[in-house]
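Since the structure comes first, as structure tokens, the remarks are kept for the end.
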Amino acid sequence: MNVLKFGGTSVGTVGSLKNVKRIVEALPSDTVVVVSALGGLTDKLIATAHMAAKNEDWRSEAEAIAKRHYDIIDQLVGEEQKQTVLAIVDSLLEELRRTYEGVSLIGHLPEKTLNIIVSLGERMSAPIVAGIIRNGRLHNSLDFIKTEKWFDKNIADAVLTHDLIVKEFSGNQEGPHITGGFISQDRDTGEITNLGRGGSDYTAALIAAALNADMLDIWTDVDGFMTADPRIIKDAKVLPSMSFIESMELCTFGAKVIYPPTIYPVFHKNIPIRILNTFNPTAPGTLISDSSDSKDYPVKGVTAIKNTCLVRMIGSLTENVARINTRAYNALARHGISVFLLAQPGENHEFSFAISSSDRQNASRVLNEEFAPELIDGTLDEITFCNNLSTIAVVGEGLKCLKGLNGRILNTLSRFGVKTLAFSEGNSDTTASFVVEEKDTVDAIKAIHGLFF
Ligand code: ADP
Ligand code: ASP
Ligand code: MG
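Read left to right, the sequence shown gives residues 83 to 535 (this note's numbering).
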């Protein structure tokens with residue numbers, strides 16, 4: 083049994099939905115299909131919510147959203163399904179208008195309300211796709227994808243979700259089974275939550291893992307996982323295969339093809355992932371599994387995460403790297419802040435690492451508290467935070483066999499006029515990462531892609 087996930091562009095238009103229908107109807111009836119909201123809709127729902135909060139003209143936007151859904155229903159849903167689908171979508175669009183109205187009355191957009199608004203994208207697309215596909219059976223993902231609070235984030239409650247998925251899909255009901263990705267419900271309060279932007283991939287992985295699927299197929303708008311973001315590198319190449327670890331590293335470091343938490347549940351069960359193109363369904367795509375062809379392709383790709391903040395701790399205390407490292411990491415981890423790059427030690431008394439810019443304020447508070455005694459006794463001179471940076475990563479299981487890798491990267495960047503602010507400590511066999519100024523992101527990717535491909 084396969085689990086298929088179709089992203090926003092795949093379910094965005096009448097033309098693409100016809101492809102989805104063709105692909106799914108050719109598969110066995112136990113197939114599970116996870117869909118995103120119509121392409122671009124989540125952004126639109128959010129932007130309109132902010133308009134409502136500012137009392138701008140949200141009504142015409144809401145009507146355009148309604149029209150987009152009705153046009154697709156009109157053109158693609160068969161007569162026998164139309165009333166059922168319209169009844170669901172009518173009531174959800176009514177909920178959307180009422181919620182925007184409420185936001186515009188209070189002139190403010192609470193997070194819980196925004197969560198309800200964004201959920202409507204997948205709550206509408208799923209019944210529409212179920213109505214388009216022959217014998218499509220609709221499942222409500224809010225019934226089985228449950229989250230819990232972890233600091234200020236909502237994260238999947240993996241055990242509860244697993245059990246509920248098994249229950250939902252057991253029994254011999256005929257499919258194909260259709261459900262919305264991304265959306266979830268808080269296991270304690272019952273409030274609507276979500277798995278984060280791009281989270282439909284993760285919904286599909288949780289379902290694939292719970293049902294012991296043979297394969298997770300991520301259908302998107304490119305021919306497969308490429309050596310770099312094709313919007314930046316025009317001649318980026320499609321990779322025939324890569325390992326779970328390589329895909330995990332590439333996605334963690336910014337490759338948008340798969341939402342990073344997606345890979346873990348399927349990796350754990352050794353369920354391969356394929357990246358396939360809804361607009362070119364016969365292309366072979368990329369197979370992600372437990373093996374890597376590092377002979378032919380020692381390096382798999384180059385990616386970047388913008389919004390990097392480089393933290394520098396300066397003072398004699400930093401001579402004891404192991405100790406400062408453990409204390410800083412533990413203190414940050416206790417507050418839900420993760421470190422994604424540990425820099426090689428500089429010449430002076432300095433210890434640096436990278437975090438996400440959005441964690442900067444919290445990290446500053448946490449580290450200043452943790453190291454207050456040392457900041458007072460002078461063994462630590464200062465802790466600085468530098469924003470507007472990017473982390474560039476080169477990934478591949480064959481990296482460890484490449485000689486003088488860091489030197490080659492540094493030379494290439496400097497030839498392209500890009501200054502490297504920090505380089506990762508050699509703590510991963512698969513990834514070399516380094517920090518540059520955000521304005522140099524594209525130049526750095528081009529330079530490094532040229533070096534390896
Ligand atoms: P979906 O809506 O199907 O979830 P996404 O927009 O989330 O699609 O992800 C697919 C997009 O990811 C592609 O259109 C491509 O522009 C972008 N992308 C970024 N890096 C890569 C890469 N290394 N390989 C392929 N696509 C990439
Ligand atoms: N619709 C959501 C988003 O745009 C989830 C997804 O597409 O995976 O982020
Ligand atoms: Mg996506």
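All C-beta atoms, glycine included, are put in the ideal place defined by N, C-alpha and C.
By Cβ distance below 8 Å, which residues in the same chain neighbour residue i in space, the five residues on each side in sequence not counted?
i	result
valine 524	Ile314
histidine 531	Thr309, Ala310, Ile315, Ala318 and Val384
threonine 494	Ala529, Ile530, Gly532 and Leu533
glutamate 429	none
At a cut-off of 6 Å, would you count residue i as near the ligand MG, judging by its Cβ distance to the nearest heavy atom?
i	result
glycine 203	no
glycine 89	yes
glycine 280	yes
Quick check: does the Cβ of residue i come within less than 6 Å of any heavy atom belonging to the ligand ASP?
i	result
threonine 344	no
phenylalanine 543	This structure does not reach residue 543, given that the chain is present from 83 up to 535, and the question cannot be answered.
threonine 124	yes
alanine 119	yes
What residue from the options has the CA that sits closest to residue i's CA?
i	options	result
lysine 235	Phe251, Asn197 and Ser252	Asn197
leucine 492	Gly480, Ala475 and Lys482	Ala475
glycine 213	Arg179, Lys338, Ile155 and Asn294	Ile155
valine 304	Ala436, Val320, Tyr379 and Thr466	Val320
leucine 109	His151, Arg179, Leu158 and Ile215	Ile215
proline 366	Ser323, Pro192 and Asp153	Ser323
threonine 512	Phe435, Lys501, Leu487 and Ala526	Leu487
leucine 293	Ala454, Phe251, Thr494 and Val167	Phe251
glycine 554	Asp112, Ala425 and Phe326	Outside the displayed span of the chain (83 to 535) sits residue 554, for which this structure offers no information.
serine 446	Gln157, Val500, Ile419 and Gly336	Ile419
glutamate 183	Glu143, His244, Thr408 and Val159	Glu143
valine 393	Thr334, Thr360, Glu464 and Ala514	Glu464
lysine 338	Ile387, Phe326, Asp372 and Asn359	Ile387
glutamate 331	Phe498, Tyr411 and Phe422	Phe422
leucine 99	Met83, Asn137 and Ala119	Ala119
glutamate 452	Met83, Leu414, Arg141 and Ser92	Leu414
asparagine 407	Ser376, Thr243 and Leu449	Leu449
phenylalanine 361	Asp378, Gly94 and Ala238	Gly94
threonine 124	Asp270, Leu224, Arg205 and Asn217	Arg205
serine 506	Val211, Ser325, Gly478 and Pro427	Pro427
alanine 238	Asn217, Glu273, Ile210 and Thr285	Thr285
valine 477	Val518, Arg405, Tyr411 and Ser376	Ser376
aspartate 372	Glu479, Leu277 and Phe433	Glu479
alanine 287	Ile353, Ala146 and Tyr152	Ile353
arginine 104	Pro363, Pro347 and Leu127	Pro363
How far does the beta strand (DSSP E) with residue i in it extend, from its first residue to its last?
i	result
aspartate 268	265-268
isoleucine 237	235-238
asparagine 412	It is not in any beta strand (DSSP E) - asparagine 412 instead sits in the alpha helix (DSSP H) that spans 403-416.
leucine 503	502-505
glycine 383	383-396
phenylalanine 361	Neither: phenylalanine 361 is in no beta strand (DSSP E) and is coded neither H nor E.
alanine 436	432-438
lysine 87	84-88
Going by DSSP, what residue range makes up the alpha helix (DSSP H) through residue i?
i	result
leucine 457	454-459
lysine 132	Going by the sequence as given, residue 132 is histidine instead of lysine. Looking at the DSSP string, the run of the alpha helix (DSSP H) that includes histidine 132 is 123-135.
arginine 104	96-107
serine 374	Careful: serine 374 lies outside any alpha helix (DSSP H) and carries neither H nor E.
leucine 492	487-497
glutamate 479	First-last for glutamate 479: undefined, no H or E at that position.
glutamate 143	140-158
leucine 533	523-534
By Cβ distance below 6 Å, which residues in the same chain neighbour residue i in space, the five residues on each side in sequence not counted?
i	result
threonine 368	Gly306, Phe307, Leu321 and Ile357
leucine 178	Leu202
valine 115	Leu86, Val106, Pro258 and Ile260
serine 439	Asn389, Cys391 and Asn469
phenylalanine 534	Val381
leucine 175	Ala148
Output needed for residue i: all residues of its chain with C-beta closer than 7 Å, excluding positions within five of it in sequence on either side, in chain order.
i	result
alanine 208	Val117, Leu220, Ile260, Thr261 and Gly262
histidine 431	Ile396, Gly397, Ser398, Thr400 and Glu401
valine 185	Ala131, Ala134, Ala135, Leu191 and Thr195
glycine 281	Gly263, Phe264 and Tyr341
valine 96	Ile154, Gln157 and Leu158
Within 6 Å: the Cβ of residue i and any heavy atom of the ligand ADP?
i	result
alanine 337	yes
methionine 324	no
phenylalanine 264	no
phenylalanine 307	yes
valine 384	no
aspartate 239	no
valine 304	yes
aspartate 311	yes
Please confirm whether residue i has its beta-carbon closer than 7 Å to some beta-carbon of chain D.
i	result
asparagine 352	Among the protein chains of the structure shown there is no chain D, as only one such chain exists.
Within 6 Å: the Cβ of residue i and any heavy atom of the ligand ZN?
i	result
arginine 394	This structure lacks the ligand ZN; its bound ligands are the ligand ADP, the ligand ASP and the ligand MG.
Minimum length 4: unbroken alpha helix (DSSP H) runs contained in the stretch 182-233: Note on the stretch 182-233: whole alpha helix (DSSP H) runs with a minimum of 4 residues are 193-214, in chain order.
For the stretch 333-359, which segments carrying the beta strand (DSSP E) assignment without a break, of at least 3 residues, lie completely within its bounds, in sequence order? 355-359
Which complete beta strand (DSSP E) runs does the stretch 263-312 hold, if anything under 3 residues is left out? Taking only runs of at least 3 residues, the beta strand (DSSP E) segments lying wholly in the stretch 263-312 are 265-268, 274-276 and 297-302.
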